[in-house]
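Engineer: Protein chains in written order, with the working numbering: chain C, 592 to 623; chain E, 93 to 476.
Shown below is the structure under consideration.
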Amino acid sequence: STVVLVFEAPSSFKFNVTAGQKIKMGEALGQI
Amino acid sequence: LADSWNNTETKWYPIPVALGLGVIGAIQYRRVRQREENKLEKPKYVANGPWQVHVAAALPLRSMSRLWGTFNSLTIPEALRPMGYKLYSWFFGCNLDEMKNPDLYAYPNLSAFFYRELKEGVRPIADATLVSPSDGKVLHFGVVQGENIEQIKGVTYNLDALLGNDDKSSIPVGDAILGNSLEIVDEEEFANVNGIEYSLEDMIIKGHAVKTESPVGPDGLVRSEKTDPKVEKALVKLADVTPDITNVKVKPGNAMFFCVVYLAPGDYHRFHSPTNWVVQTRRHFAGELFSVSPYFVKLLQNLFVLNERVALLGKWKHGFFSMIPVGATNVGSIKINFDEALKTNQKEDIPLGTYTEVTYKSASKVLGGKALRYGDEMGGFYLG
Chain C
592 STVVLVFEAP SSFKFNVTAG QKIKMGEALG QI
Chain E
93 LADSWNNTET KWYPIPVALG LGVIGAIQYR RVRQREENKL EKPKYVANGP WQVHVAAALP
153 LRSMSRLWGT FNSLTIPEAL RPMGYKLYSW FFGCNLDEMK NPDLYAYPNL SAFFYRELKE
213 GVRPIADATL VSPSDGKVLH FGVVQGENIE QIKGVTYNLD ALLGNDDKSS IPVGDAILGN
273 SLEIVDEEEF ANVNGIEYSL EDMIIKGHAV KTESPVGPDG LVRSEKTDPK VEKALVKLAD
333 VTPDITNVKV KPGNAMFFCV VYLAPGDYHR FHSPTNWVVQ TRRHFAGELF SVSPYFVKLL
393 QNLFVLNERV ALLGKWKHGF FSMIPVGATN VGSIKINFDE ALKTNQKEDI PLGTYTEVTY
453 KSASKVLGGK ALRYGDEMGG FYLG
């Protein structure tokens, strides 16, 4: 199963994850 | 011609009853035929790709998924449960220390164990703009280029196809009947979300609606004793944000982003709200149930627009926001906690390639949908 997020955000939004990285619920995905 | 037109006598006759019945019968026959044709499933996706894709496309994946779910719902003899679940956990890397109920005898079958809850506090919510909605692996993320989302390097799928904005075959159902998780008595009264009472103003921050006894901060946020300071900090003027979810266009200075999180078999399979947002619409797409493992994602183009999925569309403080749980062969059923009407992976489902749509307007007149906060449990995936 997969969860896809699609969202509008200011262009300054940065993901602070890497592709393939394991992540837990509640951990930061991105920041403005 | 003119002479005929002007001088031919017109005689009027009553239409024979048999002819009238015949016309009505023909209309009815055509209507029934169209209805039956609509019930037929669209032909399966004709796969393009290596032999693995052709093999998968030829399999009755939806039936297999339901069979898998039925099998895993069979009650396991109590004596075998601890051993069976420990073996499963060892194989798929589950952390049994995080379980809310550590008694392995309490899970009657693998489906119940698979949908296990976690202890309070084992998943702290980070102080970030966006947090992960679930445990898993980040498959891909980035900026939506034009109308396309990159599935893997060089392979894209269409944003409108994913969300249903290009599909004219929607079946609007109407307003969803929500559960008791959110009850709005009055717009100026209190809402009850997950057992926590708080003012609607805490969520919507309407300056003109602020009660005189509520202290208002310099940023316009209403301070409430019952609001978590962390949540309060992130509160937004959601009522003022009105993105057009049927025609997604970003505002100047903004961009459209995407992120794909893959949940492996051993992972905690519930998903939570990744931010403070309002869900306005749900679109349930009937589709295939291909595997969504990273291996298959690389093999099959447009995988995420082929599979059965539930697109939750709404808004957050920066504009449009959506979350799309996508089903897979082994976990074909998607549950949304606040939408009891939603039934996925059904035998008699809507035709493949179409979707049903409901709105959550009844949840809140002001917000226009179901309000969610960071970390609120939204639903999850069931086996089969």
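All residues carry an ideal CB built from backbone N, CA and C; glycine is no exception.
Quantities reported herein were computed from a predicted structural model and do not represent experimental measurements.
Check whether chain C comes within 8 Å of E/TYR177, counting only Cβ atoms and requiring the distance to be less than that.
Structural biologist: On the second sequence, residue 177 of chain E is found 85 positions in, with the first residue counted as 1. No, because no Cβ of chain C sits closer than 8 Å to the Cβ of E/TYR177.
Engineer: Between which two residues does the alpha helix (DSSP H) carrying E/GLY176 extend?
Structural biologist: Numbered from its first residue, the second sequence carries residue 176 of chain E at position 84. Element bounds for E/GLY176: 173-184.
Engineer: Pull up the distance between the alpha-carbon of E/VAL450 and that of E/LYS341, whole angstroms please.
Structural biologist: By one-based count along the second sequence, residue 450 of chain E stands at place 358. By one-based count along the second sequence, residue 341 of chain E stands at place 249. E/VAL450 and E/LYS341: Cα-Cα distance of roughly 22 Å.
Engineer: So if I threshold CB-CB distances at 7 Å, which residues from the stretch 200-221 of chain E count as touching chain C?
Structural biologist: Residues ARG215, PRO216, ILE217, ALA218, ALA220 and THR221.
Engineer: Taking a cut of 8 Å between CB atoms, which residues from the stretch 406-419 of chain E lie near chain C?
Structural biologist: For the stretch 406-419 of chain E, which is checked against every Cβ of chain C, the residues closer than 8 Å are TRP408, HIS410, GLY411, PHE412, PHE413, SER414, MET415, ILE416, PRO417, VAL418 and GLY419.
Engineer: Using a Cβ-Cβ cut-off of 8 Å, state whether E/LEU231 counts as contacting chain C.
Structural biologist: For the purposes of this step, residue 231 of chain E is identified with residue 139 of the second sequence, where counting begins at 1. Yes - at least one Cβ of chain C is within 8 Å of the one on E/LEU231.
Engineer: If we cut at 8 Å on Cβ distances, does E/LEU255 have a partner in chain C?
Structural biologist: Residue numbering aside, residue 255 of chain E sits at position 163 when the second sequence is read from its first letter. Closer than 8 Å to some Cβ of chain C, the Cβ of E/LEU255 qualifies, so yes.
Engineer: Over the uninterrupted alpha helix (DSSP H) stretch that includes E/TYR477, give me the two end residues.
Structural biologist: What the structure shows of chain E is the stretch from 93 to 476, and residue 477 of chain E is not part of that stretch, so it cannot be assessed.
Engineer: Going along the chain, which residues of its own chain have a beta-carbon closer than 6 Å to the beta-carbon of E/VAL236, five neighbours each way excluded?
Structural biologist: Counted from its first residue, the second sequence places residue 236 of chain E at position 144. Result list for E/VAL236: LEU251, MET348 and PHE350, in chain order.
Engineer: Would you kindly work out how many angstroms separate the C-alpha atoms of E/LYS229 and E/GLN126, rounded to a whole number?
Structural biologist: Translated into positions along the second sequence, residue 229 of chain E becomes position 137. Translated into positions along the second sequence, residue 126 of chain E becomes position 34. Each residue's Cα considered, the two are about 44 Å apart.
Engineer: Could you check what DSSP says for E/ASN346 in three-state terms: helix, strand or coil?
Structural biologist: The sequence position of residue 346 of chain E within the second sequence is 254, counting from 1. Correct three-state label for E/ASN346: strand.
Engineer: Taking buried to mean at least 16 other C-beta atoms within 10 Å of its own C-beta, is E/TYR121 buried or exposed?
Structural biologist: Taking the first residue of the second sequence as 1, we reach residue 121 of chain E at position 29. Label assigned to E/TYR121: exposed.
Engineer: Do you know how far the Cα of E/PHE184 is from the Cα of E/LYS462?
Structural biologist: Working through the second sequence from its first residue, we reach residue 462 of chain E at position 370. Working through the second sequence from its first residue, we reach residue 184 of chain E at position 92. One C-alpha to the other measures close to 35 Å.
Engineer: With a Cβ-Cβ cutoff of 8 Å, do C/MET616 and E/PRO225 count as a contact?
Structural biologist: Looking up residue 616 of chain C in the first sequence gives position 25. Looking up residue 225 of chain E in the second sequence gives position 133. Result yes, Cβ atoms of C/MET616 and E/PRO225 sit closer than 8 Å.
Engineer: Just curious, the beta strand (DSSP E) that E/ARG362 is in, first and last residue?
Structural biologist: Looking up residue 362 of chain E in the second sequence gives position 270. 362-364 is the span of the beta strand (DSSP E), which, as asked, contains E/ARG362.
Engineer: Less than 8 Å separating the beta-carbons of E/PHE233 and E/VAL418?
Structural biologist: As a first step, residue 233 of chain E must be located in the second sequence, where it is residue number 141. As a first step, residue 418 of chain E must be located in the second sequence, where it is residue number 326. No, Cβ-Cβ distance for E/PHE233 and E/VAL418 is not below 8 Å.
Engineer: How long is the line joining the alpha carbons of E/GLY424 and E/LEU153, rounded to whole angstroms?
Structural biologist: The sequence position of residue 424 of chain E within the second sequence is 332, counting from 1. The sequence position of residue 153 of chain E within the second sequence is 61, counting from 1. Roughly 10 Å separates the two Cα atoms.
Engineer: With 16 other CB atoms within 10 Å as the buried threshold, where does E/ILE241 fall?
Structural biologist: Start at 1 with the first residue of the second sequence, and residue 241 of chain E comes out as number 149. By the 10 Å Cβ count, E/ILE241 comes out buried.
Engineer: State the beta-bridge partners of E/HIS232 as determined by DSSP.
Structural biologist: In the second sequence, residue 232 of chain E corresponds to position 140, counting from 1. According to DSSP, which records beta bridges pairwise, E/HIS232 is partnered with E/VAL352.
Engineer: Can you tell me whether E/HIS146 is buried or exposed, with buried defined as 16 or more other CB within 10 angstroms of its CB?
Structural biologist: Counting from one through the second sequence, the residue named residue 146 of chain E turns up at place 54. Result: exposed.
Engineer: Which value, in whole angstroms, describes the spacing of the CA atoms of E/ASN187 and E/GLY345?
Structural biologist: On the second sequence, position 95 is the one that residue 187 of chain E refers to. On the second sequence, position 253 is the one that residue 345 of chain E refers to. Near 43 Å, if we compare the C-alpha coordinates of E/GLY345 and E/ASN187.
Engineer: Report the three-state DSSP secondary structure of E/ARG125 (helix, strand or coil).
Structural biologist: Residue 125 of chain E sits at position 33 when you count from the first residue of the second sequence. Note: E/ARG125 maps to helix in three-state DSSP.
Engineer: Rounded to a whole number of angstroms, what is the C-alpha to C-alpha distance between E/TYR466 and E/ALA204?
Structural biologist: Here residue 466 of chain E refers to the residue found at position 374 of the second sequence. Here residue 204 of chain E refers to the residue found at position 112 of the second sequence. So the two alpha carbons sit approximately 25 Å from each other.
Engineer: E/LYS407 to E/VAL109, Cα distance in whole Å?
Structural biologist: Along the second sequence, read from residue 1 onward, the residue named residue 407 of chain E stands at position 315. Along the second sequence, read from residue 1 onward, the residue named residue 109 of chain E stands at position 17. Near 58 Å, if we compare the C-alpha coordinates of E/VAL109 and E/LYS407.
Engineer: Between which residues of its own chain and E/ASP227 is the CB-CB distance below 6 Å, once the five residues before and five after are set aside?
Structural biologist: Along the second sequence, one-based indexing puts residue 227 of chain E at 135. Closer than 6 Å at Cβ, skipping near neighbours: ASP359 and TYR360.
Engineer: With three or more beta-carbon pairs closer than 8 Å as the criterion, would you say the stretch 605-614 of chain C touches the stretch 189-207 of chain E?
Structural biologist: They do not touch, by the three-pair rule.
Engineer: Would E/PRO443 pass as an interface residue toward chain C - the criterion being a Cβ-Cβ separation below 8 Å?
Structural biologist: Looking up residue 443 of chain E in the second sequence gives position 351. For E/PRO443, the answer is no, since every Cβ of chain C falls outside 8 Å of its Cβ.
Engineer: In or out: E/PRO216 buried (at least 16 other Cβ within 10 Å) or exposed?
Structural biologist: For the purposes of this step, residue 216 of chain E is identified with residue 124 of the second sequence, where counting begins at 1. By the 10 Å Cβ count, E/PRO216 comes out exposed.
Engineer: Tell me, which residues are paired with E/PRO417 by DSSP?
Structural biologist: Locating residue 417 of chain E in the second sequence gives position 325, counting from the first residue. Answer is C/VAL594, bridged to E/PRO417.
Engineer: Does the beta carbon of E/GLY238 sit closer than 8 Å to a beta carbon anywhere in chain C?
Structural biologist: Here residue 238 of chain E is taken as the residue at index 146 of the second sequence, counted from 1. Not one chain C Cβ lies under 8 Å of E/GLY238.
Engineer: Which residues in the same chain as E/ASN99 place their Cβ atom closer than 6 Å to its Cβ, once the five residues preceding and following it in sequence are excluded?
Structural biologist: Here residue 99 of chain E corresponds to residue number 7 of the second sequence, with the count starting at 1. So the list is empty, once near-sequence residues are dropped.
Engineer: For the beta strand (DSSP E) containing C/GLN622, name the first residue and the last one.
Structural biologist: Against the first sequence, residue 622 of chain C aligns to sequence position 31. Element bounds for C/GLN622: 619-622.
Engineer: Figure out for me which residue from E/GLY256, E/ALA356 and E/ILE416 has the closest Cα to the Cα of E/VAL384.
Structural biologist: Locating residue 384 of chain E in the second sequence gives position 292, counting from the first residue. Ranking E/GLY256, E/ALA356 and E/ILE416 by Cα distance to E/VAL384 puts E/ALA356 first.
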